[in-house]
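K.L.:
Numbering (the working numbering), first residue to last: 87 to 283.
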């Protein structure tokens, strides 16, 4: 395995971030996730908006190291996950057909297709569609970890609250903000953690 070499711009970005906010009291995985999300968004509020537990992140990290599949809700999240291949069925014509037949969103249909492919124990990364996150909860997918950070004024905060209340291993945020870049950043933080940890 080769060691990831961050670009000098990334190194400088982290120096600036750490000069503006001290996250050192956080547990190590939580801190890594928050820092990467802030790095991706330049939004320091994620220091208090992002919610998880260190044990949830440990479970996700172990699953990633064991090769658990990573499923995303949209192609933009998939494009942001740089260290591993992902599964995303949002563009699958079957998702469009299923959505129309079942009266659900294409994002929810894509989750159904993905679960049929991967089964339990996957990592789910949601950065766009609250309905995708709701479908994960309805399907009881038995995930290793859910990164639930959909963005928007309709259903985003509510779907993330439902995720936190579910008892599943999760990373989410409280507010309406979120999005593909921050959801991908959260999982990238775990993927970039050194194997020597």
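Just so it is clear, CB atoms sit at the ideal spot from N, CA and C, and this is done for glycine as well.
How many Å lie between residue 279 and residue 255 at the Cα?
P.N.:
18 Å
K.L.:
Could you compute how far the alpha carbon of residue 244 sits from the alpha carbon of residue 98?
P.N.:
36 Å
K.L.:
If you draw a straight line from the alpha carbon of residue 231 to that of residue 131, how long is it in whole angstroms?
P.N.:
23 Å
K.L.:
Are residue 219 and residue 236 close, meaning C-beta to C-beta below 8 Å?
P.N.:
yes
K.L.:
Grouping DSSP H, G and I as helix and E and B as strand, with all else coil, what is residue 138?
P.N.:
strand
K.L.:
Can you give, in chain order, each stretch of the beta strand (DSSP E) that sits fully within the region 222-275 and has at least 3 residues?
P.N.:
231-234 and 256-259
K.L.:
What did DSSP end up calling residue 217 once you bin it into helix, strand or coil?
P.N.:
helix
K.L.:
With burial defined as no fewer than 16 other Cβ atoms inside 10 Å of the residue's Cβ, what is the status of residue 203: buried or exposed?
P.N.:
Under this definition residue 203 is an exposed residue.
K.L.:
Where are the alpha helix (DSSP H) runs, 4 residues long or more, that stay fully inside the region 167-223, in chain order?
P.N.:
179-188 and 192-204
K.L.:
Rounded to a whole number of angstroms, what is the C-alpha to C-alpha distance between residue 248 and residue 187?
P.N.:
Looking at the two C-alpha atoms, the distance is approximately 26 Å.
K.L.:
Taking buried to mean at least 16 other C-beta atoms within 10 Å of its own C-beta, is residue 192 buried or exposed?
P.N.:
buried
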